[in-house]
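Protein chains in written order, with our numbering: chain H, 756 to 995; chain E, 756 to 995.
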DNA sequence: CGATTTGTTGACCGACGTCAACTACCGTGG
DNA sequence: CCACGGTAGTTGACGTCGGTCAACAAATCG
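Written as structure tokens, this is what we have:
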């Protein structure tokens with residue numbers, strides 16, 4: 756499933772100081788002393804294969820996770836078994852925040868591809884955020900960013916047509932690729948059409964149609980999960 | 756605009772120890788010493804009239820706010836001037852969290868009725884969360900709860916029909932009323948039909964129609980903003 | 001009291017969902 | 001290596017849910 760190592764894979768490293776996610780991760784912007792403490796608390800769990808769960812909705816809350824490589828989808832399931840993907844997560848992202856309130860996970864997280872993860876127990880997290888001001892600040896930032904992302908998504912879902920939704924989605928992925936040092940013009944989607952459709956609140960067929968539509972308009976080129984953005988400006992103007 | 760003081764208004768009190776929001780507020784679950792510190796940091800800003808802004812999208816981030824009485828809507832405006840309400844906020848809710856990352860507000864907050872507020876500067880917030888473990892924990896909880904709320908909303912927007920959306924909305928309001936010690940069966944909506952519509956991502960006329968529909972089905976009684984839930988179970992089964 | 005805002009209801013229409021057929025790809029085993 | 005079945009994605013035909021436009025009613029305000 757790792758379709759293009761050059762683009763998608765980050766080489767896992769052993770400690771936070773040498774991790775190439777430093778700039779994005781909660782572990783960024785910390786003093787050497789703080790980083791050392793974090794390193795001691797972080798556990799490198801076994802990598803997940805595609806389709807494996809990081810945690811299930813309803814699981815007792817024990818730890819937060821940071822993605823080191825790969826990608827993950829977070830989704831919730833309602834009483835009728837209907838699923839809604841609430842986010843796609845990439846290296847550097849902090850997972851499990853939704854479980855803090857109720858002490859059990861309110862979403863499930865499943866690997867979209869082979870993914871490596873860092874685990875940080877809730878106890879250690881609390882100790883660290885008490886003892887390390889920079890870590891505390893970084894966590895709040897991470898939390899805030901999560902809110903912003905989902906607000907953008909709500910805006911898209913509530914007010915935009917399908918073409919706009921898809922443009923917004925592609926731009927969001929593009930942006931995240933860029934932040935992580937990859938091409939923002941050409942990348943491979945790690946999620947299926949139906950994942951995208953579910954995330955955007957539309958039918959999978961509609962996503963298909965809009966992909967080909969955007970291609971016909973010369974804005975992007977698509978071949979299955981490979982995407983190339985030919986005209987970023989057009990895409991942005993469609994996104995509105 | 757205060758349509759029914761018995762239901763909507765909370766009497767502002769002077770210090771957190773005697774505030775009746777203790778159970779809900781970030782100020783809850785704290786030691787006496789911690790509460791004292793918080794009290795010193797909290798500023799009781801002038802109450803807002805209906806329609807007044809607490810902050811505007813784009814404003815520099817300086818403070819967080821806690822609602823003491825009344826209610827507030829939070830919304831974002833995109834480049835085209837299209838608005839999307841991302842949440843309704845009630846006494847005890849913490850506002851401004853979305854501004855932590857970028858250091859400016861990414862949403863606007865406007866009072867839906869005469870509302871009293873507590874202000875807590877970002878500096879003081881950081882000091883408090885370093886010095887008061889319980890406050891720190893409460894803030895994270897508050898943050899997490901905010902995420903859960905918006906996840907529920909995304910689920911509704913993405914996967915549900917209009918009748919379901921409205922049922923879910925009413926149940927959410929009902930729940931929040933209950934948490935705050937009011938009737939969960941009978942309450943007054945502080946927001947307009949078009950606010951509800953915008954929040955749910957549908958047309959205002961559609962909200963109107965669904966209200967009358969739910970009334971015809973004998974599930975609720977509606978008279979403008981006054982709502983009475985006659986059959987909570989039916990409402991829940993509609994919400995799915 | 002008229003003016004304005006807020007909410008309701010009806011008629012019509014279009015964007016998107018559903019159903020179905022088809023194609024391309026992927027992994028497995030012969 | 002090919003045969004095969006299963007999954008993912010595309011495309012078309014058709015139906016419908018909810019949006020839009022418009023008229024009206026009710027409440028609020030000056």
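Ideal Cβ positions, reconstructed from N, Cα and C, are used throughout, including at glycine.
Only a predicted model underlies this, so the values are computations on that prediction, with no experimental measurement involved.
Nearest-angstrom beta carbon gap, residue j and residue i [assumed within contact, 8 Å]
i              : j              : result
residue 790(E) : residue 903(H) : Residue 790(E) to residue 903(H), Cβ: 31 Å. No contact.
residue 910(H) : residue 828(H) : That pair is no contact at about 20 Å.
residue 830(H) : residue 863(H) : 6 Å
residue 785(E) : residue 776(E) : At roughly 13 Å, the Cβ-Cβ gap does not stay under 8 Å, so residue 785(E) and residue 776(E) are not in contact.
residue 955(E) : residue 912(E) : 7 Å
residue 948(H) : residue 929(H) : So it is not a contact: roughly 18 Å between Cβ atoms.
residue 807(H) : residue 866(H) : 5 Å
residue 836(H) : residue 905(H) : The Cβ separation is near 22 Å, so there is no contact.
residue 722(H) : residue 920(H) : Given a span of 756 to 995 for chain H in the structure shown, any question on residue 722(H) remains unanswerable.
Alpha carbon of residue i to alpha carbon of residue j, nearest angstrom
i              : j              : result
residue 852(E) : residue 892(H) : 13 Å
residue 971(E) : residue 823(H) : 54 Å
residue 840(E) : residue 849(E) : 16 Å
residue 772(E) : residue 882(E) : 20 Å
residue 880(H) : residue 965(H) : 43 Å
residue 798(E) : residue 870(E) : 15 Å
residue 809(E) : residue 968(H) : 42 Å
residue 983(E) : residue 991(H) : 45 Å
residue 859(H) : residue 818(H) : 10 Å
residue 985(H) : residue 939(H) : 11 Å
residue 765(H) : residue 944(H) : At residue 765(H), the pLDDT of 43 sits below 50, so the modelled position is not reliable and the matter cannot be decided from this model.
residue 834(H) : residue 922(E) : 15 Å
residue 838(E) : residue 844(E) : 17 Å
residue 894(H) : residue 952(H) : 30 Å
residue 907(E) : residue 934(H) : 28 Å
residue 780(E) : residue 941(H) : 46 Å
residue 925(H) : residue 980(H) : 12 Å
residue 820(H) : residue 868(H) : 16 Å
residue 889(H) : residue 976(E) : 52 Å
residue 927(E) : residue 787(H) : 45 Å
residue 978(H) : residue 901(H) : 30 Å
residue 832(E) : residue 814(H) : 36 Å
residue 795(E) : residue 878(H) : 29 Å
residue 856(E) : residue 783(H) : 14 Å
residue 993(E) : residue 932(H) : 41 Å
residue 825(H) : residue 896(E) : 28 Å
residue 950(H) : residue 961(H) : 12 Å
residue 989(H) : residue 989(E) : 47 Å
Element boundaries [beta strand (DSSP E), containing residue i]
i              : result
residue 944(E) : Unbroken run through residue 944(E): none, as it is neither H nor E.
residue 971(E) : Here residue 971(E) belongs to no beta strand (DSSP E); instead the alpha helix (DSSP H) covers 959–971.
residue 832(H) : 827–832
residue 983(E) : 981–984
residue 838(E) : 838–844
residue 977(H) : 975–978
residue 865(H) : 863–866
residue 905(E) : Careful: residue 905(E) lies outside any beta strand (DSSP E), inside the alpha helix (DSSP H) at 888–914.
residue 822(E) : 818–824
residue 780(H) : Counting along the chain, residue 780(H) falls outside any beta strand (DSSP E), and DSSP gives it neither H nor E.
residue 874(H) : 870–876
Bounding residues of the alpha helix (DSSP H) (the contiguous stretch that carries residue i)
i              : result
residue 805(H) : That residue, residue 805(H), is in no alpha helix (DSSP H); it is neither H nor E in DSSP.
residue 917(H) : 917–934
residue 993(E) : 987–994
residue 792(E) : 787–796
Residue i Cβ short of 8 Å to the ligand PLP heavy atom set
i              : result
residue 866(E) : You won't find the ligand PLP in this model; it holds no ligand whatsoever.
Taking any Cβ of chain E, which residues in the stretch 950–980 of chain H have a Cβ under 8 Å from it, in chain order? Here the close residues are 953, 954, 955 and 956.
Relative to chain E, which residues along the stretch 869–886 of chain H have a C-beta separation below 8 Å, given in chain order? The stretch 869–886 of chain H vs chain E, Cβ under 8 Å: 881, 884 and 885.
For the stretch 893–912 of chain H, enumerate the residues whose C-beta is nearer than 9 Å to any C-beta of chain E, in chain order. Residues 894, 895, 896, 897, 898, 899, 900, 901, 902, 903, 905, 906, 907, 908, 909, 910, 911 and 912.
Is the stretch 859–874 of chain E in contact with the stretch 916–925 of chain H, if contact means three or more CB pairs nearer than 8 Å? With a cut-off of 8 Å, the stretch 916–925 of chain H and the stretch 859–874 of chain E do not count as touching, because too few Cβ pairs lie within range.
Chain H contacts made by the stretch 810–838 of chain E, where a contact means CB separation under 7 Å: Within the stretch 810–838 of chain E, the residues whose Cβ lies closer than 7 Å to some Cβ of chain H are 831, 833, 834, 835 and 837, listed in chain order.
If contact means a Cβ-Cβ distance below 9 Å, which residues of the stretch 846–865 of chain H contact chain E? Within the stretch 846–865 of chain H, contact with chain E at the beta-carbon level (separation under 9 Å) is assigned to 852, 853, 854, 855, 856, 857, 861 and 862.
Check each residue of the stretch 915–933 of chain E: if its Cβ is closer than 9 Å to any Cβ of chain H, include it; give the result in chain order. Against chain H - using a Cβ distance shorter than 9 Å - the residues of the stretch 915–933 of chain E are 915.
Using Cβ-Cβ distances below 7 Å, what residues of the stretch 776–804 of chain E are close to chain H? None of the residues of the stretch 776–804 of chain E has a beta carbon lying less than 7 Å from any beta carbon of chain H.
Residues in the stretch 979–993 of chain E with C-beta within 8 Å of chain H's C-beta atoms, listed in sequence order? Per Cβ criterion, the list is empty.
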